[in-house]
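Residues are numbered in this note's numbering as their position in the sequence shown, beginning at 1, plus a constant of 5.
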Amino acid sequence: MSDGVWKVYEFTWQMDATLFWNRFLGRWLRGTEFHYPERPENLPVLKPPQNWPKFNPRNLR
């Protein structure tokens with residue numbers, strides 16, 4: 006549980022958080038336990054942001 010890259014995001018709208026979570030196959034951390042809730046059917050697809058810089062893993066160091 007101590008390896009990898011952790012990111013925390015805050016959203017104003019719950020639907021935005023749900024779409025982001027669904028797009029990246031996220032999981033919820035409640036306390037010290039991970040939860041893998043079922044994804045709702047017919048959930049719209051998260052649109053990628055326009056003019057977003059391309060991901061470069063070397064920038065994570």
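We put the CB at the ideal spot given by N, CA and C, even for glycine. It should be emphasised that the depicted structure is a prediction, and the values quoted were computed from it without experimental measurement.
8 Å CB neighbourhood of residue i in its chain, flanking five on each side removed
i	result
residue 48	23, 24 and 27
residue 56	none
Endpoints, alpha helix (DSSP H) assigned at residue i
i	result
residue 28	19-28
N- and C-terminal bounds of the beta strand (DSSP E) containing residue i
i	result
residue 34	33-35
residue 16	Careful: residue 16 lies outside any beta strand (DSSP E) and carries neither H nor E.
residue 38	38-40
CA-to-CA distance, residue j to residue i, given in whole angstroms
i	j	result
residue 59	residue 34	28 Å
residue 20	residue 29	14 Å
residue 13	residue 46	25 Å
residue 43	residue 62	30 Å
residue 15	residue 51	16 Å
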